[in-house]
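Asks: Residue numbers (our numbering): -16 to 132. For each residue, glycine too, the CB sits at the ideal point set by N, CA and C. Please read these numbers as outputs of a predicted model, since none were measured by experiment. Got a structure for you, questions after.
Here it is as structure tokens:
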């Protein structure tokens, strides 16, 4: 059975393609999910791709990853800057985490420059658009093969 990587998406990402396309692009969340599925298949991974606008639901998914998943790719969206609960759940999962953002959060408003997730993540990808998800899955593939730390 291929290793499972949980791909989690936070609030408002269900509106991709229609919400602020100048910032987030025209791809929909379904497009991102399809890209992740193709990437996972090429890399010998299995993914579970999810999105929620409810923080408690995201926390439950993170808790469920413990001892079941090889990694978590997470785009916490606005919760990046506000949620200690998500940070603590990711640590408690004892699963490697890669943080992904479609836009370059450091080129945007100052409040977006702080992340509660970045300090506990193996890697952070920002500004690569949906390609950042592929890069995160590729990095997990390398991690699982012991090619990188």
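1. Got a sec? Which residues, its chain only, sit under 7 Å from residue 41 by beta carbon, not counting five neighbours each side?
2. Between which residues of its own chain and residue 74 is the CB-CB distance below 7 Å, once the five residues before and five after are set aside?
3. For residue 31, which option in 17, 99, 11 has the closest C-alpha, if you only look at C-alpha atoms?
4. Could I get the ranges of all uninterrupted alpha helix (DSSP H) runs contained in the stretch 90 to 118, with 4 residues as the minimum, in chain order?
5. Of all the options 125, 117, 112, 79, which has the alpha carbon lying nearest to the alpha carbon of residue 4?
6. So if DSSP puts residue 29 in a beta bridge, which residue, or which two residues, is it bridged to?
7. Spatial neighbours of residue -11 within its chain, please: CB distance less than 6 Å, with the 5 preceding and 5 following residues excluded, ordered by chain position.
8. Pull the bridge partners of residue -8 from the DSSP assignment, please.
9. Apart from the five residues just before and just after residue -3, which ones in its own chain have a Cβ nearer than 8 Å to its Cβ?
10. Measuring CB to CB, does residue 107 end up less than 9 Å from residue 59?
11. Where does residue 40 sit, in a helix, a strand or coil, going by DSSP?
12. Is it the case that the Cβ atoms of residue 20 and residue 10 are separated by a distance below 9 Å?
13. Can you say whether residue 77 is buried or exposed, counting buried as having 16 or more other CB atoms within 10 angstroms of its CB?
Replies: Walking through what the data contain:
1. Walking along the chain shown from the start, residue 41 turns up at place 58. The answer, listed in chain order, is -9, -7, 35, 69.
2. Position 91 of the chain shown holds residue 74. 103, listed in sequence order.
3. For this step, residue 31 is matched to residue 48 along the chain shown. Ranking the options by Cα distance to residue 31, first place goes to 17.
4. none
5. If you number the chain shown from 1, residue 4 lands on position 21. When only C-alpha atoms are compared, the closest one is 112.
6. The residue given as residue 29 occupies position 46 in the chain shown. Answer is -13, bridged to residue 29.
7. In the chain shown, residue -11 corresponds to position 6, counting from 1. Answer for residue -11: 31, 48, 52, 55, listed in chain order.
8. For the purposes of this step, residue -8 is identified with residue 9 of the chain shown, where counting begins at 1. DSSP, once it has assigned bridges, lists 34, 58 as partnering residue -8.
9. For the purposes of this step, residue -3 is taken as the residue at position 14 of the chain shown. The residues are 12, 34, 36.
10. Counting from 1 along the chain shown, the entry for residue 107 is found at position 124. Counting from 1 along the chain shown, the entry for residue 59 is found at position 76. Taking 9 Å as the Cβ cut-off, residue 107 and residue 59 do not qualify as a contacting pair.
11. Residue numbering aside, residue 40 sits at position 57 when the chain shown is read from its first letter. Of the three classes helix, strand and coil, the one that applies to residue 40 here is helix, per DSSP.
12. Residue 20 sits at position 37 when you count from the first residue of the chain shown. Residue 10 sits at position 27 when you count from the first residue of the chain shown. Taking 9 Å as the Cβ cut-off, residue 20 and residue 10 do not qualify as a contacting pair.
13. For the purposes of this step, residue 77 is taken as the residue at position 94 of the chain shown. It counts as exposed.
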